[in-house]
Amino acid sequence: MYTLYYSPGTASMVVHLALLEIGADYRLELVDFDKKAQHSAEYLKLNPCAKVPTLLIEGRPVYESAALLAILAERHPDAKLIPPLGTPAREEWLQWSIYLSNTLMSTYRLWFYPNELGADEHPPAIRAALQRKIESVWDQLDAHLSAHGPYLLGAEFSGVDLLLTMLMRWSRNMPRPVTEWPALKRLADLVRARPSWKRLYELEGLSGW
Ligand SMILES: N[C@@H](CCC(=O)N[C@@H](CS)C(=O)NCC(=O)O)C(=O)O
């Protein structure tokens, strides 16, 4: 039994999707951002970063969404969320998961949390630079998927496509949402058609894209 500390539609989403894909037994614990519950003494004992997700694995708290995706995928090989150890596809999977975390996730963090650079709002030049950075990642990924898609690893869906689709969803209110990149939109449409995506929307009370 796992316990996922989550907030709807945030970085916990990929872990929740992985749990649903696996069919694992899990319990959800809402971390209420409106009440700043991520900063409560109780939660900080589980995750000193004051962020979601945190997953309790046999009672042990573990955090970082991309790491949790890999951990769950490895613990439940039958779900085929990650290719087998020692294969080129496994190496490519790791490449994409770390790339997405290092490039998109960290840039999004600055996009959504200007306070981390010490201001209520970014100056326009910083906002524009962050937008350019995110769009340059879409350009790169779209070129890769056009040549080698429809999924990041080619013909086969894997857990890293869940991570990418979660990150794509976060662009929906940006000046150029990711659905303007055709190969990325095709991947998103495939992932959004999966039962796990639909079930997560019900469980987390999400709507739209
Ligand atoms: N690198 C972390 C980032 C997690 C993260 O930024 N979570 C956000 C939600 S998307 C959060 O908890 N925000 C609340 C806050 O920072 O106060 C991960 O991938 O798990």
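Taken in order, the sequence shown gives residues 1 to 209; the numbers are from the working numbering.
Built from N, CA and C at the ideal position, the CB exists for glycine as well.
It should be emphasised that the depicted structure is a prediction, and the values quoted were computed from it without experimental measurement.
Return yes when at least one heavy atom of ligand 1 lies under 6 Å from the C-beta of residue i, else no.
i	result
residue 73	no
residue 38	yes
residue 180	no
residue 204	no
residue 207	no
residue 18	no
residue 10	yes
Among all the DSSP beta bridges, which residues are the ones paired with residue i?
i	result
residue 62	55
residue 28	4
Do you know offhand how far residue i's Cα is from residue j's?
i	j	result
residue 85	residue 93	11 Å
residue 67	residue 88	19 Å
residue 162	residue 143	19 Å
residue 147	residue 100	19 Å
residue 76	residue 104	26 Å
residue 164	residue 61	24 Å
residue 208	residue 167	15 Å
Please state whether the Cβ-Cβ distance between residue i and residue j is less than 7 Å.
i	j	result
residue 55	residue 199	no
residue 81	residue 196	no
residue 12	residue 52	yes
Check each candidate in the options and name the one with the smallest Cα separation from residue i.
i	options	result
residue 50	153, 33, 58, 149	33
residue 24	6, 41, 57, 39	57
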